[in-house]
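At position 178 of the sequence shown the residue is numbered 1357 (the numbering used here), and the sequence of numbers has no breaks. Where a beta carbon is used, it is the ideal one built from N, C-alpha and C, also for glycine. Report on the structure given below.
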Amino acid sequence: SNPRRESLVAPLANNPEARDLLLTIAAGFLLVRQPGEDELVYRGFSRDEAEGTVRAFECCLRDRADEIEALRILSANPSTPAPVSYAQLVDLRDRLASQDVRFRAATLWNAYHTLDPASALPLDRTERDLVTNLIALVRHALGGMARLVPFPRMAVQRFNLWCGQPQNALTDAQRTILRDITEYVAANGAPDWNVLRDTRDETFLARAVAAFGSRAGLESSLRSYAAFLLAG
């Protein structure tokens, strides 16, 4: 009976981890391995399912590009998009999830990896829940990024490249500030000074301004650097 089924499902429905697992299984993201073995036994995501998921996602991006602020920003110039804030990324995540259970970042990523493992690097456990991976997914889907690289890894690569360019000769203090900002951007998107100040020690903003000479100098460097991070 329905009451009986509801009583059985209730403990799972009220447990966030169980709910996430059920959604993951429903979306075809479960990897099953035999105990003690490393060999992949069952991916749970056929090529046809992956193609259907990617096709539906890319259609959604085209149809809703003007409705969702993060999509509007990222689709305006997929090759070198403007920075997207954490709030905008959360809004994008929630709207995509409400549209289709398959549109969770980890599920979408697995679909692209299933279709082309060479172009879509797999996510590790620490990267699966980061909203910033939506930046990489949208850019890749719109043709602005050839390879699908987890956003945190791309940010670190861009940081190292920026620091290695002769025209960006940095002091040790500036390099430390930019490394902290890179870590923040990799997990949260475009820097929000209020949040950035609250998530670092209370002297961070003062040290950042001092390292770059002035608030204007810091903001100018940060705008240039944020654009460079997204251009990967």
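*asked:* Between which residues of its own chain and Val1335 is the CB-CB distance below 8 Å, once the five residues before and five after are set aside?
replied: Thr1361 and Ala1365
*Does the Cβ-Cβ distance between Arg1318 and Pro1257 come in under 8 Å?*
yes
*Could you give the residue range of the alpha helix (DSSP H) that holds Pro1331?*
Phe1330 to Gly1343
*Just the C-alpha distance for Leu1219 and Leu1309, rounded to the nearest angstrom, thanks.*
Any answer about Leu1219 is weak, because its pLDDT of 39 lies below 50 and its placement is not dependable; what the coordinates show is given next. The alpha-carbon atoms of Leu1219 and Leu1309 are separated by roughly 25 Å.
_C-beta contact flag for Gly1368 and Ser1225 at 8 Å_ = no
*Would the C-beta of Leu1271 count as close to the ligand HEM, meaning under 7 Å from any of its heavy atoms?*
No copy of the ligand HEM appears in this structure; indeed no ligand is present at all.
*Could you tell me the distance, in whole angstroms, from the CA atom of Val1233 to the CA atom of Leu1287?*
7 Å
*If we count the other Cβ atoms within 10 Å of its Cβ and call it buried at 16 or more, is Arg1281 buried or exposed?*
buried
*Please go through the same chain and pick out, in chain order, the residues whose beta-carbon is closer than 7 Å to the beta-carbon of Phe1338, but skip the five residues on each side of it.*
Leu1357, Arg1358 and Thr1361
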